[in-house]
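Quick notes on the structure that follows.
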Ligand SMILES: [Cu+2]
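In our numbering, the protein residues as written are 24 to 196.
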């Protein structure tokens, strides 16, 4: 019986070590996963480059805007951002429509990708006959690493329970 407990202790020990590792990974890559992403979006007749941006939930987006031909707009659905981008200028003007109609000059929009889903960005400054079709898409994915880590921890808990039960039965017989 004593010998049995020793081996189960060893198994428990390694499970705990694995659990600690999972916990470390969770903190390192899960909870703290939100990254700073520096994105430059160039507007021209009648598209944005890049046309699709993929980020993870919680990421902090530093968005710079530039226009190469005429003044374009940048309205980001779901994030209360609207900008006017004059050509050949590092700065652009931005406003948060729900808060103010006033545009303010800036060189960067900082937005936290706080909700998942697909959000279109489209031109909000009439720039030509194809203007209504000028749009792109911001895709905010859920944090998969975070989910994986939680799943791993859950698996470890189940594994430990199973070992406890097995040892309980083994001890009696
Ligand atoms: Cu435009």
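Where is the CB? At the ideal position from N, CA and C, for every residue including glycine.
Here the structure is a predicted model, which means the values were calculated and not measured.
Review point. Residue 106 and residue 115: beta carbons closer than 7 Å?
Key: Judged by beta-carbon spacing, residue 115 lies within the 7 Å limit of residue 106, meaning their Cβ atoms are closer than that value.
Practice item. With hydrogens ignored, establish whether the beta-carbon of residue 67 is closer than 6 Å to any heavy atom of ligand 1. Key: No, since every heavy atom of ligand 1 falls outside the 6 Å radius drawn around the Cβ of residue 67.
Point to revise | Burial state of residue 102 (16 or more Cβ within 10 Å) | key: By the neighbour-count criterion, in which a residue is buried when 16 or more other Cβ atoms sit within 10 angstroms of its Cβ, residue 102 is buried.
Review point. With distances taken from CA atoms, which of 100, 85, 71 is nearest residue 91?
Key: Of 100, 85, 71, the residue nearest in Cα terms is 71.
Review point. Taking the alpha-carbon positions, what's the residue 181 to residue 175 distance?
Key: So the two alpha carbons sit approximately 10 Å from each other.
Check your understanding: Does the Cβ of residue 153 lie closer than 6 Å to at least one heavy atom of ligand 1?
Key -> No, since every heavy atom of ligand 1 falls outside the 6 Å radius drawn around the Cβ of residue 153.
Point to revise | Endpoints, the beta strand (DSSP E) within which residue 80 is located | key: Per DSSP, residue 80 is not a residue of any beta strand (DSSP E), being assigned neither H nor E.
Check your understanding: Taking the alpha carbon of residue 59 as the point to measure from, which residue in 83, 44, 43 has its own alpha carbon closest?
Key -> The residue from 83, 44, 43 with its alpha-carbon nearest to that of residue 59 is 83.
Check your understanding: Beta carbon of residue 157: closer than 6 Å to some heavy atom of ligand 1?
Key -> Closer than 6 Å to some heavy atom of ligand 1: that describes the Cβ of residue 157.
**Study point:** Contacting residues, own chain, Cβ-Cβ under 6 Å from residue 158 (five flanking each side not counted)
**Key:** Excluding the 5 residues flanking it on each side, residue 158 has same chain C-beta neighbours closer than 6 Å at 143, 145, in chain order.
Review point. Quick one: what's got a C-beta closer than 8 Å to residue 69's C-beta in the same chain, skipping five residues either side?
Key: Counting only Cβ-Cβ distances below 8 Å, and skipping sequence neighbours, we find 146, 150, 151, 153, 154, 156, 157.
Review point. If residue 161 and residue 76 are in contact, beta carbons under 8 Å, what's the gap, nearest whole angstrom?
Key: Confirmed, about 5 Å.
Check your understanding: Cβ of residue 146 versus every heavy atom of ligand 1: is any distance shorter than 6 Å?
Key -> At least one heavy atom of ligand 1 is nearer than 6 Å to the Cβ of residue 146, so yes.
**Study point:** With 16 other Cβ atoms within 10 Å as the buried cut-off, status of residue 177
**Key:** Burial call: exposed.
**Study point:** Three-state class that DSSP yields for residue 96 in the structure shown
**Key:** DSSP places residue 96 in strand when its eight states are reduced to three.
Review point. Is it buried or exposed for residue 97, if we count other Cβ within 10 angstroms and need 16 for buried?
Key: Buried.
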